[in-house]
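Colleague: Chains A and B, in that order, are what the protein sequence lines are.
Per our numbering, residue -16 is the first one in the first sequence, and the count goes up by one each step.
Per our numbering, residue -16 is the first one in the second sequence, and the count goes up by one each step.
Ideal placement from N, C-alpha and C gives every residue a C-beta, glycine not left out.
These numbers were taken from a predicted model, which means no experiment stands behind them.
Number of protein chains: 2
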Amino acid sequence: MIELRHLRTLLALRETGSLVEAAERVHLTQSALSHQLKDLESRVDSPLFMRKTRPVEFTRAGLRLLALADQILPEVRKAERDLARMAGTEMGRLHMAIECHSCFQWLMPTVDYFRDHWPEVEIDIPSGHHFDPLPALAREQLDLVITADPQPIEGIHYAPLFCYEGLLAVARQHPLAGQNFVTPEALADETLITYPVEQSRLDVFSQFLTPANVRPREIRTAELTIMMMQLVASGRGVCALPNWALSEYLERDYVSAVKLGEQGVWSTLYAAVREETLEAPWMQDFLRTAQETSFAVLTGIKPATRDAESAA
Amino acid sequence: MIELRHLRTLLALRETGSLVEAAERVHLTQSALSHQLKDLESRVDSPLFMRKTRPVEFTRAGLRLLALADQILPEVRKAERDLARMAGTEMGRLHMAIECHSCFQWLMPTVDYFRDHWPEVEIDIPSGHHFDPLPALAREQLDLVITADPQPIEGIHYAPLFCYEGLLAVARQHPLAGQNFVTPEALADETLITYPVEQSRLDVFSQFLTPANVRPREIRTAELTIMMMQLVASGRGVCALPNWALSEYLERDYVSAVKLGEQGVWSTLYAAVREETLEAPWMQDFLRTAQETSFAVLTGIKPATRDAESAA
DNA sequence: CAATCATGATGAGAATATTTCATTTTTAAT
DNA sequence: ATTAAAAATGAAATATTCTCATCATGATTG
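1. Determine the chain A residues that contact Arg43 of chain B at a beta-carbon separation under 8 Å, and present them in chain order.
2. In the segment 213 to 244 of chain A, which residue ranges form an unbroken alpha helix (DSSP H) of at least 4 residues, counting only runs that do not cross its ends?
3. Whole angstroms is fine: what's the gap from Thr(-1) of chain A's alpha carbon to Ala15 of chain B's?
4. Give, in chain order, every residue of the segment 16 to 48 of chain A whose Cβ lies closer than 7 Å to some Cβ of chain B.
5. Could you tell me how far apart the beta carbons of Gln13 of chain B and Val3 of chain B are, in whole angstroms, since I believe they sit closer than 8 Å?
6. Return the residue from the list B:Ser239, B:Phe97 and B:Leu90 that minimises the CA-CA distance to Leu158 of chain B.
7. Taking the alpha-carbon positions, what's the Glu259 of chain B to Pro57 of chain B distance?
8. Can you have a look at Ser293 of chain A and say buried or exposed, based on whether 16 or more other CB atoms are within 10 angstroms of its CB?
9. Looking at the structure shown, is Trp249 of chain A part of a helix, part of a strand, or coil, going by DSSP?
10. Contact between the segment 66 to 79 of chain A and the segment 37 to 49 of chain A: three or more CB pairs below 8 Å?
11. According to the neighbour-count rule (16 or more other Cβ atoms, all chains shown, within 10 Å of its Cβ), is Ile176 of chain A buried or exposed?
12. Could you confirm whether any beta carbon from chain A is found closer than 8 Å to the beta carbon of Arg(-3) of chain B?
13. Leaving out five residues before and five after Tyr232 of chain A in sequence, what residues of the same chain have Cβ atoms less than 6 Å from its Cβ?
14. Check each candidate in B:Tyr178, B:Glu63 and B:Gln182 and name the one with the smallest Cα separation from Phe87 of chain B.
15. Let me know the secondary structure DSSP gives Cys86 of chain A once reduced to three states.
16. If we define contact as Cβ-Cβ less than 8 Å, is Arg289 of chain B a contact residue for chain A?
17. Quick check on Cys83 of chain A: buried or exposed, where buried means 16 or more other Cβ atoms within 10 Å of its Cβ?
18. Among A:His10, A:Arg26 and A:Ala5, which residue has its Cα nearest to the Cα of Met(-16) of chain A?
19. Could you check the C-alpha separation between Leu252 of chain B and Asp126 of chain B for me, to the nearest Å?
20. Counting only beta-carbon separations shorter than 8 Å, does Glu7 of chain A have a partner in chain B?
21. In this structure, how does DSSP classify Val128 of chain B when only helix, strand and coil are distinguished?
22. Note down the Cα distance separating Val94 of chain B from Tyr141 of chain B, rounded to an integer number of angstroms.
23. Report yes if the C-beta distance between Leu151 of chain B and Ala223 of chain B is below 8 Å; otherwise report no.
24. Any beta carbon of chain A sitting closer than 8 Å to that of Gln64 of chain B?
25. Please name the residue or residues paired with Glu148 of chain B in a DSSP beta bridge.
26. Using a Cβ-Cβ distance under 8 Å, would Leu11 of chain B count as near chain A?
27. Report the neighbours of Leu72 of chain A on chain B: residues whose CB is nearer than 7 Å to its CB, in chain order.
28. In or out: Thr204 of chain A buried (at least 16 other Cβ within 10 Å) or exposed?
29. Could you pull the start and end residues of the alpha helix (DSSP H) that His18 of chain B belongs to?
30. Nearer than 7 Å: is that true of the beta carbon of Ala131 of chain B relative to any heavy atom of the ligand PLP?
31. With DSSP collapsed to three states, give me the class of Ser293 of chain A.
32. Could you work out which residues of chain A lie near Met91 of chain B, taking near to mean beta carbons separated by less than 9 Å?
33. Are Ala131 of chain B and Ser250 of chain B closer than 8 Å when you measure CB to CB?
34. Quick check on DSSP: helix, strand or coil for Pro143 of chain B?
35. I want to verify the contact list: residues of chain B whose CB lies under 8 Å from the CB of Arg(-12) of chain A, in sequence order.
36. What residues are listed by DSSP as bridge partners for Leu175 of chain B?
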């Protein structure tokens, strides 16, 4: 007999494209998933997907099960929500901090969904906090932190959301436009536009400029992505942003983008939560929604793994 | 996390009204079900039903889960059907014998459903067989037998369908009409109308008249229930039929009905199948459909799940 | 072209979860 | 009250699911 567990696994597999990552998402080992899927295949007496392709490719049987999963798992979630509400356990608090400034773009739909469906949970993104988010999380001043820099802290769980590449946005007529990639040194004579946060929190610095010991000629800050784009488009500077944050401007040929170094600069975003709150049904729901939403945002670009991207 | 197993159990519990019977239906012990439900209640953190009433009464949380079950289990079954078809395993044969003559009433919808959804399975109700059905089942001449008299035979599984009471239909003006119950002796002067089958297969004889060593004055036979009803209504005899077969005539005050003896005469109908064929997905589907349909007939409820499906 | 690396498969044993058995408690009926 | 049926319970048995360690495979790279 098919069980919901199997359907959840298949969804994770479709979203991640590999057993290893799917396993991480459902909190199991790769081995467990391999066994589970083999068992499922014997139950339905058909292969479900091909393992030799990246990302995995589903068979007709696999697609049929995915369709079932898409159809019923949301209903199951709805029911779980209703039940959690009936249980009448006092609902929690969800105060978030977001280290990655561009994340508002895909986080806001998740927050909206959440406000609709868990009205009892007090949701907030306190701005202008001066404390370090991760310790504040451990101290229970925060309940969730979106971060690209997971530090192992006792009692903190990091749920991976997705992987993205940082690109350098430049004006279309800029000499760097059209290059395969830029070297750190090439930025020494540029004006770099960033969000107004510490440099150590910006991937361009921590993963690109600082290791090469380069500083840009000038640094300007802007609050909003659209403002950065205007500055870049008019040739008043360059800026580094996640691929998905740039995609809409690239499609409209508003700016150009170049890889940062030959390998590119990659990060994985995590949602950090305390292990106790991880169990709460609303937290589970939030994380799954966040993962799905981010997946949806990214699918316009490509599957979220580093290898898949750099291969392309 | 909720699993499909839990939903299937809850459905069985609603249909049977007690743990003992629900357990039988899902092929588990009463103890297992008690544990499983307690576990489920702790997962959703609410009681699901009251055990002190017969039949059990569901709480709001229990009803919510039942609604979920009604919604998604039919979809799961559809998927399983599609998968069985994709697996391309050769499809079986379903030749049935029906010992209980009135059963055609509720069996026909099941057969129709089945023909639509498992066109590959060769379904047939060979009539006019002269052999004993149960041995013929063991001999693989038949694949399913509807019977009220389960004899333990090696390799034969009896899936209980439902329990019913045999009632005596009499004319509205008949002296027995209105009595609380009839004694076997009261039938010694009556004309008894039966289906044209061996007396040993009729509950009135095997459970009522024969133990009291009484024979009715005369015995007439009729092929169809409606014909029996006409004879009874016009005072030309009495006849014993299952409560559910009589209900439509009782509602229209066409005839009256009396209990057979103080305790009544009760039987359970079983679907007998060979253990090997029990596993086949189409057989599972047939049995579940038969159980649901018979349940629906008994409660007078049209099963919503079937409607939804046949609409699609 | 070997060496490396990542992915997925596999077998054995560990850890969980589920089920049964034997028994007790509870409830309803006489 | 007494009894019979139903449900709960604890412990043991069983089944299942998972992890660990390891291996095979294929791709990538120097």
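Modeller: Let's see:
1. In the second sequence, the residue the question calls residue 43 of chain B occupies position 60. Simply Met69.
2. Here the runs fully enclosed are 226 to 234.
3. Here residue -1 of chain A corresponds to residue number 16 of the first sequence, with the count starting at 1. Here residue 15 of chain B corresponds to residue number 32 of the second sequence, with the count starting at 1. Looking at the two C-alpha atoms, the distance is approximately 37 Å.
4. Taking a C-beta cut-off of 7 Å against chain B, the contacting residues of the segment 16 to 48 of chain A are Val27, Asp28, Ser29, Arg43, Ala44, Arg47 and Leu48, listed in chain order.
5. Taking the first residue of the second sequence as position 1, residue 13 of chain B is located at position 30. Taking the first residue of the second sequence as position 1, residue 3 of chain B is located at position 20. Gln13 of chain B to Val3 of chain B, Cβ: 5 Å. Contact.
6. Residue 158 of chain B sits at position 175 when you count from the first residue of the second sequence. According to the sequence shown, residue 158 of chain B is Pro rather than Leu. Ranking B:Ser239, B:Phe97 and B:Leu90 by Cα distance to Pro158 of chain B puts B:Ser239 first.
7. As a first step, residue 259 of chain B must be located in the second sequence, where it is residue number 276. As a first step, residue 57 of chain B must be located in the second sequence, where it is residue number 74. Answer to the nearest angstrom: the Cα atoms are 24 Å apart.
8. Here residue 293 of chain A refers to the residue found at position 310 of the first sequence. Bear in mind that the predicted position of Ser293 of chain A carries a pLDDT of just 34, short of 50, making it too unreliable to give a figure here.
9. For the purposes of this step, residue 249 of chain A is taken as the residue at position 266 of the first sequence. Here Trp249 of chain A sits in strand by DSSP.
10. Counting Cβ pairs under 8 Å, fewer than three are found: no touch.
11. As a working mapping, residue 176 of chain A is identified with position 193 in the first sequence. Under this definition Ile176 of chain A is a buried residue.
12. Within the second sequence, residue -3 of chain B is the residue found at index 14, counting from 1. Among the CB atoms of chain A, none fall inside 8 Å of the CB of Arg(-3) of chain B.
13. Within the first sequence, the letter at position 249 stands for residue 232 of chain A. Within its own chain, the residues whose Cβ lies closer than 6 Å to the Cβ of Tyr232 of chain A, once the five positions on either side in sequence are excluded, are Met212 and Val238, listed in chain order.
14. Numbered from 1 along the second sequence, position 104 holds the residue referred to as residue 87 of chain B. For Phe87 of chain B, the nearest C-alpha among the options comes from B:Tyr178.
15. Within the first sequence, numbered from 1, the residue matching residue 86 of chain A stands at position 103. Secondary structure at Cys86 of chain A: helix, using DSSP grouped into helix, strand and coil.
16. Position 306 of the second sequence, counting from 1, holds the residue named residue 289 of chain B. In this prediction, Arg289 of chain B has a pLDDT of 34, which is less than 50 and means its spatial position is unreliable; what the coordinates show is noted afterwards. With 8 Å as the cut-off, Arg289 of chain B does not count as an interface residue toward chain A.
17. As a working mapping, residue 83 of chain A is identified with position 100 in the first sequence. Counting Cβ neighbours within 10 Å, Cys83 of chain A comes out buried, since at least 16 surround it.
18. Here the question's residue -16 of chain A lines up with position 1 in the first sequence. Nearest of A:His10, A:Arg26 and A:Ala5 to Met(-16) of chain A, Cα basis: A:Arg26.
19. Within the second sequence, the letter at position 269 stands for residue 252 of chain B. Within the second sequence, the letter at position 143 stands for residue 126 of chain B. Rounded to the nearest angstrom, the gap between the Cα atoms of Leu252 of chain B and Asp126 of chain B is 16 Å.
20. Working through the first sequence from its first residue, we reach residue 7 of chain A at position 24. No, Glu7 of chain A lies away from the interface with chain B (no Cβ there is under 8 Å from its Cβ).
21. Taking the first residue of the second sequence as 1, we reach residue 128 of chain B at position 145. DSSP, read as helix, strand or coil, puts Val128 of chain B in strand.
22. Your numbering for residue 94 of chain B matches position 111 in the second sequence. Your numbering for residue 141 of chain B matches position 158 in the second sequence. Tyr141 of chain B has its alpha-carbon roughly 19 Å from the corresponding atom of Val94 of chain B.
23. Numbered from its first residue, the second sequence carries residue 151 of chain B at position 168. Numbered from its first residue, the second sequence carries residue 223 of chain B at position 240. It is a contact, given that the beta carbons lie within the stated cut-off.
24. What you label residue 64 of chain B is simply residue 81 of the second sequence in a count that begins at 1. A small fix is needed here, since residue 64 of chain B is Arg in this sequence, not Gln. Taking 8 Å as the threshold, the shortest C-beta distance from Arg64 of chain B to chain A does not fall below it.
25. Against the second sequence, residue 148 of chain B aligns to sequence position 165. Answer by DSSP bridge pairing, in chain order: B:Trp249.
26. Locating residue 11 of chain B in the second sequence gives position 28, counting from the first residue. Any Cβ of chain A closer than 8 Å to the Cβ of Leu11 of chain B would place that residue at the interface, and such an atom is absent.
27. Position 89 of the first sequence, counted from the start, is the residue given in the question as residue 72 of chain A. The residue you asked about is not Leu; residue 72 of chain A is Thr in the sequence shown. Going along chain B in sequence order, the residues near Thr72 of chain A (Cβ under 7 Å) are Asp28.
28. Here the question's residue 204 of chain A lines up with position 221 in the first sequence. With fewer than 16 other Cβ atoms within 10 Å, it is exposed.
29. Translated into the one-based positions of the second sequence, residue 18 of chain B becomes position 35. According to the DSSP assignment, His18 of chain B belongs to the alpha helix (DSSP H) that extends over Gln13 to Val27.
30. With respect to small molecules bound, the structure shown includes none, and the ligand PLP cannot be examined in it.
31. By one-based count along the first sequence, residue 293 of chain A stands at place 310. Here Ser293 of chain A scores only 34 on pLDDT, less than 50, and its place in the model should not be relied on; the value that follows carries that caveat. If DSSP states are grouped into helix, strand and coil, Ser293 of chain A belongs with the helices.
32. Against the second sequence, residue 91 of chain B aligns to sequence position 108. Chain A residues near Met91 of chain B: none, gap ~28 Å exceeds 9 Å.
33. As a working note, residue 131 of chain B is residue 148 in the second sequence. As a working note, residue 250 of chain B is residue 267 in the second sequence. With respect to Ser250 of chain B, Ala131 of chain B sits close: the two C-beta atoms are nearer than 8 Å.
34. On the second sequence, position 160 is the one that residue 143 of chain B refers to. If DSSP states are grouped into helix, strand and coil, Pro143 of chain B belongs with the strands.
35. For the purposes of this step, residue -12 of chain A is identified with residue 5 of the first sequence, where counting begins at 1. Here the neighbours are Met(-16) and Glu(-14).
36. In the second sequence, the residue the question calls residue 175 of chain B occupies position 192. Paired residue(s): B:Ile202 and B:Val221.
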